[in-house]
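Residue numbers (our numbering), protein chains in the order written: chain A, 167 to 467; chain B, 7 to 378; chain C, 19 to 341.
Backbone N, C-alpha and C define an ideal beta-carbon position, used for all residues, glycine too.
For reference, the structure discussed in these notes is given below.
This is the structure in structure tokens:
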């Protein structure tokens, strides 16, 4: 039982990161119906920018660890949001009226471009975040040893999700985003500046991805230019699992995927862990394509 | 018709290279892009440094050495193309590469073109079991490392062993070797599975291994994962000792794991130049530091440097750049050449002779200490 | 007007074909090998073209079928010593069967969902290969020591020899797929690509046709797998990852969806150009990515898009009345 609970918590902790990245995917997909393949690389950019900021600004000298983390998160989110907007302007906006497939290819191209750009700028070797920024305490819950940080990461993801949910559902801009997600043409007729809505979406989504990247860098310590690939794919699986276009869905999907992976690895086989995740994806798409929390949207013929 | 054409071309090349005032071209096949780009870049840096040093000292046989790099992308298909490319550029020999399947993709091409190949990072046993006359390697074989690993584990008195690998050719090969040898002994193998490289969170795996209760964990994968494993193991509060294979030998290991987590970690490795007392090793380190400001990161890249050294020695001694002469010299006459990683000789199959592996331990300050 | 353009195009194709056939005589083995690779990818892309270009199904898992074919050949050749060329149809068959099994449940999925599933599928295949599923795939090492192809006792070994084998296969492929394009089947595929529902309404059993498209594409890819295995003599899971699927996908899209000459041109560009720019290896991929984006923005239908279908309107048959 102990083993099971421990693995469960492991899964939840990883799932929290997946959820955060999935939120970004789901937002962009909801409004644009576009799979932003470059999202994983935005995650990577967040991690690398965080490291650059940390080392160049020497923040640890000026404030305590909490201050460092919060200021880093804010800075990275702003920077990655900027990158997201530029990405949209250059690679996606010109293709808004084209065939969906073109946008997908453009997204892939952007992903390749970012990944190799990071490699050229930062080098092919992996880089390491300085230790000692995050507290290393363990917390004892139900007799299990859980590092405090993992709980904090989970809480941070939850917090961001709640903020996002409130923003989307209770503010005017959020309503505009939801309207654009349902029908761009009708939204325009209602006087909504859809271009601006899309720009905002491309600020929030990538910002969340970048924050996730920063957290991964801070916690695990090690970053390299290919890290976005597998995280991106898993997060995308999570988004689909929960229902793409659906914000609580991304959260649920992320956590669920993390747990399924962890339990699958623990009880079945570690080597097949990723295959299990992909099988889950395929099963969900066959059995319930709109995901666990997704709404059934009738397609207009 | 094509066969004659190739022979004529080869003769022309041979005749051409025999003429003086031309450079001696040595090929370097390395992963300059792709997942092993950092290895490849290290290899290129080391070999170009050695070539420059050689040229400063007058070159080989009075001619300057030119290094021609070809990127194998860490992938067999690109490697085959890279090999084809090198074989048409008049190289007298090739150094490389890193990764057994990658090297394998290029072996036949070099053999058919009769070009000497000295691999530096390919430890799969079967590469030298094919009877290829022109193939050599400065890297040891997985079976040797397996033997040393098992000897070390038994010597330390461990009774319940866990083996963790990452499903790559090298890592699984080593893990299988160790497993076979351990099963003959009176110890119990409690865990044998693979992790996925490139992931970051290994808590699940560590929890699983911990539940099986081993005395020691032998990890045969690469240093990024090793560093993460050590770090996360410490966070879990689990104190079981870890032993690593030679791919864990990298200064970044301590950077990733943190000094506290890395303390007490054992690993096997051919000795790195920093730890060898020989003159060659010391002067190499000085030159490397001067040009690139730091120490070479990977022992495999250093082995490519040794590849250059043996080729240079062979060319000098045989007073020729012809492949047969080089191969003969390397097989028969090269004895205990002082290299960057120790003394080098080759056996009839092209494998490196001698006990190469040593045990290192990481101390509290993150230094790698060579054990006696 | 269209007829004039068609004749001009045909002349260009013929010219290019002649140049290609003559090239092994003038190029060194390295460049011949590059052309070999171009040829292999051209055939692969043509097989993907049926699925992606003609049927309009977003498919990014093509490398999986390629892998199945290559591994089938490798395993059967090593275990039973069956000559490689006989294994081509067999590998195609296993690949086609795989496609049937895999595509059946997902065929009705909407575009982007299908895309994701195919990505997941190719990853599963790769992991299964690495983990040495059923103990026959050799794990990460792959399988080595595959025989070279023998035609009437002549062993094909050198790049120049492979060149003719591969490009003969390519010519056959072009011929076959051209006939397919012009057939009723090809027209049905194009119809369901343009408008799924209308096609169904016109009596085309779309699920059935999509499945057949998948199977044909997979069958062909499986056969290419055989040639690849025989050429490299070793195959390893790394050669069949998602990235390979992306390359094939790119070739079809950049060259021109649904267009045979476009796809072949795409193969030349996507495979050949990076080899020409080998010196700029690190920036190579960066440029690749940027080119992808730019192409989609400025010329989304590809470089050599498919010509619209045209039918000769000759003299109307004499109906006896004055027209």
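Inset, instruction - For residue 50 of chain B, return the contacting residues in chain A, with the cut-off set at a CB-CB distance below 8 Å. - result: Near residue 50 of chain B there are no residues of chain A at all, since even the closest Cβ is about 12 Å away, more than 8 Å.
Inset, instruction - Can you have a look at residue 356 of chain B and say buried or exposed, based on whether 16 or more other CB atoms are within 10 angstroms of its CB? - result: buried
Legend entry - Sequence-distant residues of the same chain with beta carbon closer than 8 Å to residue 353 of chain A, five excluded per side: 342, 345, 346, 360 and 363
Inset, instruction - Please list the partners that residue 158 of chain C has in chain B, where partner means a Cβ-to-Cβ separation under 7 Å. - result: 173, 174, 175 and 178
Legend entry - Status (buried if at least 16 other CB within 10 Å, exposed otherwise) for residue 287 of chain A: exposed
Inset, instruction - Please work out which residues of its chain come closer than 7 Å, Cβ to Cβ, to residue 465 of chain A, disregarding the five sequence neighbours upstream and downstream, and give them in chain order. - result: Only weak support is given to the placement of residue 465 of chain A: the predicted model assigns it a pLDDT of 46, under 50, and the value that follows is read from those uncertain coordinates. Within the same chain, residue 465 of chain A has no close Cβ partners at all.
Inset, instruction - Buried or exposed for residue 254 of chain A, please, with buried defined as at least 16 other CB atoms from any protein chain shown within 10 angstroms of its CB. - result: buried
Legend entry - Helix, strand or coil at residue 46 of chain C [DSSP, three-state]: coil
Inset, instruction - Specify the secondary structure class of residue 124 of chain B as computed by DSSP and reduced to three states. - result: strand
Inset, instruction - Check each candidate in C:308, C:295 and C:244 and name the one with the smallest Cα separation from residue 165 of chain C. - result: C:244
Legend entry - Contacts of residue 81 of chain B in chain C (Cβ-Cβ under 7 Å): 256 and 257
Inset, instruction - Could you give the DSSP three-state label for residue 58 of chain B: helix, strand or coil? - result: helix
Legend entry - DSSP bridge partner residues for residue 104 of chain B (one or two, in chain order): B:127
Inset, instruction - Measuring only between beta-carbons, confirm whether residue 77 of chain B sits less than 8 Å from chain A. - result: no
Inset, instruction - Please classify residue 220 of chain C: is it buried, with 16 or more other beta-carbons within 10 angstroms of its beta-carbon, or exposed? - result: exposed
Inset, instruction - Taking only the alpha-carbon atoms, compute the straight-line gap between residue 349 of chain A and residue 355 of chain A and give it to the nearest angstrom. - result: 10 Å
Legend entry - Counted within 10 angstroms of its Cβ, other Cβ atoms place residue 263 of chain A as buried (16 or more) or exposed: exposed
Legend entry - Three-way DSSP call (helix, strand, coil) for residue 393 of chain A in this model: helix
Legend entry - Classification of residue 135 of chain B by the beta-carbon crowding that lies within 10 angstroms, buried from 16 upward: exposed
Inset, instruction - Can you give me the Cβ contacts of residue 4 of chain B inside the same chain, cut-off strictly under 7 Å, excluding the 5 residues immediately before and after it? - result: Here chain B covers residues 7 to 378 and nothing more, so residue 4 of chain B does not appear.
Inset, instruction - Pick out the complete alpha helix (DSSP H) segments inside the stretch 50-130 of chain C, 4 residues or longer, and give them in chain order. - result: 80-98 and 105-124
Inset, instruction - State yes or no: is the C-beta of residue 321 of chain C within less than 8 Å of the C-beta of residue 280 of chain C? - result: yes
Inset, instruction - Could you check which residue in A:431, A:442 and A:406 has the C-alpha nearest to that of residue 456 of chain A? - result: A:406
Inset, instruction - State whether the stretch 326-336 of chain B contacts the stretch 358-377 of chain B, with contact taken as three or more CB pairs (one from each stretch) at a distance under 8 Å. - result: no
Inset, instruction - Compare the C-beta of residue 123 of chain B against all C-beta atoms of chain C and say whether one is closer than 8 Å. - result: no
Legend entry - Residues that DSSP places opposite residue 171 of chain B in a beta bridge: B:200
Legend entry - Cut-off 6 Å between Cβ atoms - residues of its own chain near residue 389 of chain A, not counting five sequence neighbours on either side: 213, 293 and 383
Inset, instruction - Just tell me which of C:331, C:294 and C:261 has its CA closest to the CA of residue 141 of chain C. - result: C:261
Inset, instruction - Show which residues of chain B have a CB atom less than 9 Å away from the CB atom of residue 435 of chain A. - result: 199 and 200
Inset, instruction - Spell out the partners DSSP gives residue 286 of chain B in its beta bridges. - result: Answer is none; residue 286 of chain B lacks a bridge partner.
Inset, instruction - Go ahead and pull the three-state DSSP assignment for residue 218 of chain C. - result: helix
Inset, instruction - Would you list the residues sitting across from residue 36 of chain B in a DSSP beta bridge? - result: B:77
Inset, instruction - Reducing DSSP to helix, strand and coil, say where residue 275 of chain B ends up. - result: strand
Legend entry - Buried or exposed by the 16-neighbour rule on C-beta atoms within 10 Å, applied to residue 167 of chain C: buried
Inset, instruction - Following the continuous beta strand (DSSP E) through residue 203 of chain A, name the residue where it begins and the one where it ends. - result: No beta strand (DSSP E) contains residue 203 of chain A, which DSSP labels as neither H nor E.
Inset, instruction - Examine chain A for any beta-carbon lying closer than 8 Å to the beta-carbon of residue 237 of chain B, and answer yes or no. - result: yes
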